[in-house]
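Heads up: the structure comes next, in structure tokens.
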Amino acid sequence: MRAYTAAHKTLPFGTVVKVINTTNNKSVEVKINDRGPFVRGRVIDLSQKAFEQMGSTNQGVVPVRIEILDDSNTFRYKH
Numbered sequence: 001m002r003a004y005t006a007a008h009k010t011l012p013f014g015t016v017v018k019v020i021n022t023t024n025n026k027s028v029e030v031k032i033n034d035r036g037p038f039v040r041g042r043v044i045d046l047s048q049k050a051f052e053q054m055g056s057t058n059q060g061v062v063p064v065r066i067e068i069l070d071d072s073n074t075f076r077y078k079h
């Protein structure tokens with residue numbers, strides 16, 4: 001995918017987060033639009049375009065910190 005998007009297990013769709021590579025301090029802002037990752041020890045799955053901004057795509061997995069920037073446009077179920 002060539003958009004700045006990501007998958008997270010619990011954050012509502014539409015949440016904008018800043019993902020910071022703690023190894024090199026590069027960061028990217030993405031919008032949550034999917035669920036996952038479903039691999040133990042991983043907290044977020046970035047689109048290829050977003051990951052390219054954070055470091056070498058040869059690494060595949062990097063340590064990150066996540067900051068919520070905007071959750072005002074999230075979709076929430078109402079009962």
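The sequence shown begins at 1 in full-length UniProt numbering and counts up one residue at a time.
Even for Gly, the Cβ is constructed at its ideal location relative to N, Cα and C.
Can you tell me whether residue 70 is buried or exposed, with buried defined as 16 or more other CB within 10 angstroms of its CB? Walking along the sequence shown from the start, residue 70 turns up at place 70. Residue 70 should be labelled exposed.
What residue from 33, 32 and 18 has the CA that sits closest to residue 26's CA? Start at 1 with the first residue of the sequence shown, and residue 26 comes out as number 26. Checking every option, the nearest Cα to that of residue 26 belongs to 18.
Can you tell me the Cα-Cα spacing of residue 35 and residue 4, whole angstroms? In the sequence shown, counting from the first residue as 1, residue 35 sits at position 35. In the sequence shown, counting from the first residue as 1, residue 4 sits at position 4. Approximately 15 Å, taken between the alpha carbons.
Length-filtered (3 minimum) beta strand (DSSP E) runs lying within the segment 13-75: 16-21, 27-34 and 64-70
What's the C-alpha gap between residue 30 and residue 6? Taking the sequence shown and counting its residues from 1, the one referred to as residue 30 is at position 30. Taking the sequence shown and counting its residues from 1, the one referred to as residue 6 is at position 6. Taking the straight line from one Cα to the other gives about 6 Å.
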